[in-house]
Every structure is written in C-alpha cells, then in structure tokens.
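A.B. asks: Structure incoming, see below.
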C-alpha cells in the first residue's frame, strides 16, 4: 500500500468536523436532558438528575405523550408493512415495460419531490369536503405512504437493476411456477434490501411531521406532539423527550441494520453449495 | 386461463396506483379546484373565480417570499454540495476497505432516520443567547456581547437546512463515485495529471449525475419546507411554505390552495430543468 497522502489527513479532519456537526447538537441535548431540577435549557449543568425523565412518566401538563407514542408506533408499523409489500410488487412489475409505466414512474418522482404541505393540505381538503373525518390511521396513513413508497420503490429499482435474472431462468427451467420462482428464488435473494425498505418505511413514518400535520385529526402522532411542546414547554423535559425518542429510533435503526447484516451473512453462506459434495 | 404479461404487471402495480391516485393525484386536483373557490370568514364556497390568484400576484409579499424561498434554496444547495461532495469524495477515494466505507457511510445516514424536529430543537443550546457558541466566543475574547443573530435568524434557518439535508447530497454522490472505474484515475495519473486535474477533469464530470440527483432532493426539500423556517427563524422569516401554512391556520383554504398551486408549478419547473441534465432511470 502506498502511504497516506497529505490530502487524506485534511479530508479526514473535514470528515471529523462534519461528524461533530451532525451529531454534536443531538449529543448536547442528550447531556442536557440530565439537568438537575433547577437547570435550564443551556449549560451550565445544575447538578445531574433524572428529574426531567421522571416528569415524562408522570401525568403532567405537557400533553398525551404516551398516547401519541403508541399511535406513532402503530402507524409506523402499518406504513412499514405496506411500503415493503407495495414496493416489492411495484419493483417486480417495473422490470418490464407495461402500458402506463412511464407515467407511473413520473408519478413516483412527483410524490418524492412534491412539497409535503401540499399533500397535507390536499388530503385534508379532500376528506373534509367529502364529509369524511381525518384520522391518523386513514388520511394520515395514506399521506405518509406518498413519502415512503417512492423511497421503497427507488431501492427496489436499484436492487432489480443489479439482479442476475439467470437465477430465475434456472428456476423456471427446473419447472418452478412464477409464484414459486418469486417465493423461493427472488425473495430470498433480495431479502437484505427488503429490510432496508422496511427501515425507511418505519423511520420515515415515525418521524414524519408535515404530511401528518393536517391529516392526523384529533389524535396527535409523536412528532406533532413534540412540535406542540416547543411552543409552550421551556424546560429540559423537551430534551428528555427528544433523547428518549431519538434513543428509540437508534435502537430500531440498530435492529434493522443488524438484521440486514445477519441476512446478508446467511445469504452468503447458503448461497451456493457448489463443491461441497451435497446430493 | 393465463394472464397476459401486461395484465400481470398492471395487477402488480395496482396497489401502488391506488395509493398514488387517492393520496397524490386527487389531493393535487382538489387543491387546484379549491384555488378557484371563494372564502368567507367561516366557510369556503365552491365557485370559479380568479380572486385568489389576483390577490397572490398583486401582493408584494408574494414576490418577497418567493425570493426568500429561492435564496434559502440556493445558499443551502451551495453549502450541501460543497460539504456533501467533500465527504463523499473522502469516503469513496480515501477510505480503502469496503467495510470501513460502509461503516462511515452509515454513520452519515443514521441521523436521516431520526426526527427532524428534534434535530432542530437540539440547536437551541448551541445557538441561544447564553448558548455554547456565544459563551465560547466570549471566553475567547472574540466578542464582548452575545450575538443575537445566531438563533432565530436566516443564519439559523440555513444552518438547520444544511444540517438536515447534506445527507441527500452525500448519498447519491457517493453512489456515483463508487461506480467510477478506478483504472480511469490511474490512466489520468499515468498521463501526468496532478490531483487537482484528476478531480476537475475526471471525477467531477463522472459524478455529475449524482450531483444532479442530490440537487433535486435538496432544492425540492428546501423549497417545500415550512417548519424549519418557522422554527429556526422564530417566526421572523417567511418562505412560500409558511405562507401556505399561515393561510391554513386562518382557514383560508382557497388562498392557501392558490399559493400551493403556484409553488407546485415552480418546483416542477425547477425539476424539469434539472432533469434535462440527468436520466434518473439510468442512475438507479
């Protein structure tokens, strides 16, 4: 190996600064959420305590945090499952051209680039004008899908662009039906990417704000609840909540990444038994 | 009975079509329709009048706010491009093992999967009047009085945008860089090019599709935003998104819809121009 050039060290320093920029603020509020009971929103720390976390678990004036958390969790799981299923079906279909595939592709791009407030406003208007009540599980759910599906589909397009179709041909030559081919050949091969799609589906829904703003109805999701708090809560309890929900996100991300890693490993191990003398 | 391949494909995309029709096409149509309606203080009335557009285009606020929106988009674009390109370049060309590349790349992407609102809130202890930035600068003797423009200002808005959206530059640029054939760079070096020449004449042209995709993401996210501007400017600055959300808060839906239609057209025109430089389908 050739020795590291000077530009490596310059760029490494830049990258480190970027990481500080990216994570510094979050780490700061994580530290500040352990403020003592008389501590404020900035340093110095006025002692160290779990006071503000305890506040979160008590019935207090800041609103329905646990209710909104459970709604966000359920909604995230609904969006996740739907995103995975619809994206896989869409990805499979888009491997060949079909009538309207071009229009549909541009519709997906539109969903990706359209300002989220338009979805929020449009869905809200549509529901109110047709006499339906907006609810996080109906209008909120649909509005979020317009954001998660494009990501899921783009991932699936990328996956299938790199997919070696000779595996499928082999399966077909062996007499597999098209369902069997998908179930036993295609899906196991793309499994790690599906976990990635699930990660996008869940986290984008769990953190979505703009698209749920006018479509969630009378029961808030967690991001809406947190945003409401920013206008009337001026204690570190806000940081405590931020720290907890970021911690929850990190646990979910870690779990998804671990799953991806395990399934990639398993795929690599089970992928081929060539030369192992199995019958 | 066997289905034709076309009807099979159509069946597979039918859930997708249904979702996009109900929650994308219909809402846009609804907004377009309502933008011609009339509003009273209590209700909105179906009509076909142009007064919402007349008011919108007749007001100087509109032009100022659109100018502001483009200003945010342009500054954020320049900053995210510079940072994003540098980070992606470091990851793609200076990190030598795939394992480390993936690890550092994931480190860049993890914040994307956490809450934007909380990432905005987390700037308060940094930028506030008695925040870390001010007290550090004072203790260094750089300033005597706390700077007032750190939080709740245009500076804070752009900083938050860069913080939230640089990732959208890093990912597509890194993706295209990883596909550059390393032998091209060796060839350039053998032909006598120095590092800067290689960067300018080989790497940047080959990275252009990634740059364009990143640009589309950043520009549309910033142009469509309303919450970052509201929160980070302390309601002191406005962009088009805020104009819409203010109208919504006043239940002035027809006026909000007219603004939304103009915003959508603006964004689509910008995207249309950007798409001339890149074929997205080829880049996936």
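Protein chains in written order, with this note's numbering: chain A, 7 to 285; chain B, 38 to 321.
Every residue gets a Cβ at the ideal spot worked out from N, C-alpha and C, and that includes glycine.
(1) Go to residue 186 of chain A, then tell me how far its alpha helix (DSSP H) extends in each direction, as first and last residue.
(2) In the stretch 18-38 of chain A, which residues sit with their C-beta less than 8 Å from some C-beta in chain B, listed in chain order?
(3) Distance check for residue 165 of chain A and residue 273 of chain A, CA to CA, integer angstroms please.
(4) By DSSP, does residue 54 of chain A sit in helix, in strand, or in coil?
(5) Determine, for residue 213 of chain A, whether the minimum Cβ-Cβ distance to residues of chain B falls below 8 Å.
(6) Taking the CB atoms as reference points, tell me whether residue 24 of chain A and residue 120 of chain B lie closer together than 8 Å.
(7) Can you list, in chain order, the residues of its chain with a C-beta nearer than 8 Å to that of residue 51 of chain A? Leave out the 5 residues immediately preceding and following it.
(8) Closer than 8 Å is the cut-off here; do at least three beta carbon pairs connect the stretch 76-92 of chain A with the stretch 214-234 of chain A?
(9) What residues from the stretch 213-233 of chain A come within 7 Å of chain C, judged by C-beta to C-beta, listed N to C?
(10) Does the distance from the C-beta atom of residue 121 of chain A to that of residue 261 of chain B stay below 8 Å?
(11) Counting along the chain, where does the alpha helix (DSSP H) carrying residue 138 of chain B start and finish?
(12) So what's residue 234 of chain B in DSSP terms, helix, strand or just coil?
(13) Quick one: give me the first and last residue of the alpha helix (DSSP H) that residue 200 of chain B is part of.
(14) For residue 109 of chain A, does the three-state DSSP call read helix, strand or coil?
(15) Determine, using beta carbons only, whether residue 259 of chain A comes closer than 8 Å to chain B.
(16) May I ask which residues mark the beginning and end of the alpha helix (DSSP H) holding residue 227 of chain B?
(17) Thinking C-alpha only, which one of B:282, B:308, B:249 and B:281 is nearest residue 118 of chain B?
(18) Starting from residue 14 of chain A and walking both ways along the alpha helix (DSSP H), at which residues does that stretch end?
(19) Does the stretch 262-274 of chain B come within contact of the stretch 181-195 of chain B, defined as at least 3 CB pairs closer than 8 Å?
(20) If you draw a straight line from the alpha carbon of residue 28 of chain A to that of residue 21 of chain A, how long is it in whole angstroms?
(21) Could you tell me which of A:49, A:59, A:33 and A:54 sits nearest to residue 246 of chain A, measuring between CA atoms?
(22) Could you say which of B:304, B:75 and B:99 lies nearest to residue 276 of chain B if we only look at CA atoms?
(23) Between the alpha carbons of residue 4 of chain A and residue 71 of chain A, how many angstroms are there, rounded?
(24) Mind checking residue 12 of chain A: buried by the 16 CB within 10 Å criterion, or exposed?
(25) Strictly by DSSP, which residues pair up with residue 81 of chain B?
(26) Go ahead and label residue 145 of chain B buried or exposed: buried means 16 or more other beta carbons lie within 10 angstroms of its beta carbon, across all protein chains shown.
(27) Taking the alpha carbon of residue 109 of chain B as the point to measure from, which residue in B:274, B:301, B:317 and B:53 has its own alpha carbon closest?
(28) Tell me whether the beta-carbon of residue 150 of chain B lies closer than 8 Å to the beta-carbon of residue 205 of chain A.
(29) Under three-state DSSP, which class holds residue 41 of chain A?
(30) Name the chain A residues that come within less than 7 Å of residue 153 of chain B, Cβ to Cβ?
(31) Flag this pair as yes or no: are the beta carbons of residue 218 of chain A and residue 210 of chain A separated by less than 8 Å?
(32) For chain A, find out if any of its Cβ atoms is closer than 8 Å to the Cβ of residue 268 of chain B; answer yes or no.
(33) Decide if residue 241 of chain B is buried, meaning its Cβ has at least 16 other Cβ atoms within 10 Å, or exposed.
(34) Going along the chain, which residues of its own chain have a beta-carbon closer than 6 Å to the beta-carbon of residue 89 of chain B, five neighbours each way excluded?
(35) Would you say residue 271 of chain B and residue 189 of chain B are within 8 Å of each other, going by their C-beta atoms?
(36) Would you say residue 236 of chain A faces chain B, with C-beta separation under 8 Å as the test?
C.D. replies: Quick answer:
(1) Position 180 of the first chain, counting from 1, holds the residue named residue 186 of chain A. Annotation: the continuous alpha helix (DSSP H) that includes residue 186 of chain A extends over 184-187.
(2) 18, 20, 21, 24, 25, 27, 28, 29, 30, 31, 32, 34, 35 and 38
(3) The residue labelled residue 273 of chain A in the question sits at position 267 within the first chain. The residue labelled residue 165 of chain A in the question sits at position 159 within the first chain. When rounded, the distance between both Cα atoms is 15 Å.
(4) Counting from one through the first chain, the residue named residue 54 of chain A turns up at place 48. Here residue 54 of chain A sits in strand by DSSP.
(5) Taking the first chain and counting its residues from 1, one reaches residue 213 of chain A at position 207. By this cut-off, residue 213 of chain A is an interface position.
(6) Residue 24 of chain A sits at position 18 when you count from the first residue of the first chain. Residue 120 of chain B sits at position 83 when you count from the first residue of the second chain. Contact flag set, yes.
(7) Residue mapping note: residue 51 of chain A aligns to position 45 of the first chain, counting from 1. The answer, listed in chain order, is 37, 38, 40, 41, 42 and 45.
(8) They touch, by the three-pair rule.
(9) No chain C is present in this structure, whose protein chains are A and B.
(10) Along the first chain, read from residue 1 onward, the residue named residue 121 of chain A stands at position 115. Along the second chain, read from residue 1 onward, the residue named residue 261 of chain B stands at position 224. Yes; because the gap between Cβ atoms is below 8 Å, this pair is in contact.
(11) As a first step, residue 138 of chain B must be located in the second chain, where it is residue number 101. Note, residue 138 of chain B: alpha helix (DSSP H), 135-146.
(12) As a first step, residue 234 of chain B must be located in the second chain, where it is residue number 197. DSSP, reduced to helix, strand and coil, places residue 234 of chain B within a helical segment of the structure shown.
(13) What you label residue 200 of chain B is simply residue 163 of the second chain in a count that begins at 1. Residues 191-202.
(14) Counted from its first residue, the first chain places residue 109 of chain A at position 103. Of the three classes helix, strand and coil, the one that applies to residue 109 of chain A here is helix, per DSSP.
(15) Here residue 259 of chain A is taken as the residue at index 253 of the first chain, counted from 1. With 8 Å as the cut-off, residue 259 of chain A counts as an interface residue toward chain B.
(16) Working through the second chain from its first residue, we reach residue 227 of chain B at position 190. Unbroken alpha helix (DSSP H) run through residue 227 of chain B: 219-227.
(17) Here residue 118 of chain B refers to the residue found at position 81 of the second chain. When each option's Cα is compared against that of residue 118 of chain B, the closest is B:249.
(18) On the first chain, residue 14 of chain A is found 8 positions in, with the first residue counted as 1. Looking at the DSSP string, the run of the alpha helix (DSSP H) that includes residue 14 of chain A is 12-38.
(19) Taking 8 Å as the limit for Cβ pairs, the verdict is that the stretch 181-195 of chain B does touch the stretch 262-274 of chain B.
(20) Along the first chain, read from residue 1 onward, the residue named residue 28 of chain A stands at position 22. Along the first chain, read from residue 1 onward, the residue named residue 21 of chain A stands at position 15. Residue 28 of chain A and residue 21 of chain A have their C-alpha atoms some 10 Å from each other.
(21) In the first chain, the residue the question calls residue 246 of chain A occupies position 240. Nearest C-alpha to residue 246 of chain A: A:59.
(22) Position 239 of the second chain, counted from the first residue, corresponds to residue 276 of chain B. Looking at the Cα atoms, B:99 is the closest of the given residues.
(23) Residue 4 of chain A lies beyond the residue range present for chain A, which begins at 7 and ends at 285; the question has no answer from this structure.
(24) Taking the first residue of the first chain as 1, we reach residue 12 of chain A at position 6. Result: exposed.
(25) Start at 1 with the first residue of the second chain, and residue 81 of chain B comes out as number 44. According to DSSP, residue 81 of chain B bridges with B:76.
(26) Here residue 145 of chain B corresponds to residue number 108 of the second chain, with the count starting at 1. So residue 145 of chain B counts as buried.
(27) Numbered from its first residue, the second chain carries residue 109 of chain B at position 72. Per the Cα distances, B:274.
(28) Stepping through the second chain from its first residue, residue 150 of chain B is reached at position 113. Stepping through the first chain from its first residue, residue 205 of chain A is reached at position 199. Taking 8 Å as the Cβ cut-off, residue 150 of chain B and residue 205 of chain A qualify as a contacting pair.
(29) Within the first chain, the letter at position 35 stands for residue 41 of chain A. DSSP places residue 41 of chain A in strand when its eight states are reduced to three.
(30) The residue given as residue 153 of chain B occupies position 116 in the second chain. Residues of chain A with a Cβ closer than 7 Å to the Cβ of residue 153 of chain B are, in chain order, 213 and 215.
(31) Taking the first chain and counting its residues from 1, one reaches residue 218 of chain A at position 212. Taking the first chain and counting its residues from 1, one reaches residue 210 of chain A at position 204. At least 8 Å separates the beta-carbon of residue 218 of chain A from that of residue 210 of chain A.
(32) As a first step, residue 268 of chain B must be located in the second chain, where it is residue number 231. It does; some Cβ of chain A falls within 8 Å.
(33) Working through the second chain from its first residue, we reach residue 241 of chain B at position 204. It counts as exposed.
(34) As a working note, residue 89 of chain B is residue 52 in the second chain. 72, 291, 292 and 295.
(35) Position 234 of the second chain holds residue 271 of chain B. Position 152 of the second chain holds residue 189 of chain B. A contact, by the Cβ cut-off of 8 Å.
(36) For the purposes of this step, residue 236 of chain A is identified with residue 230 of the first chain, where counting begins at 1. Among the residues facing chain B, residue 236 of chain A is included, as its CB has a counterpart in that chain under 8 Å away.
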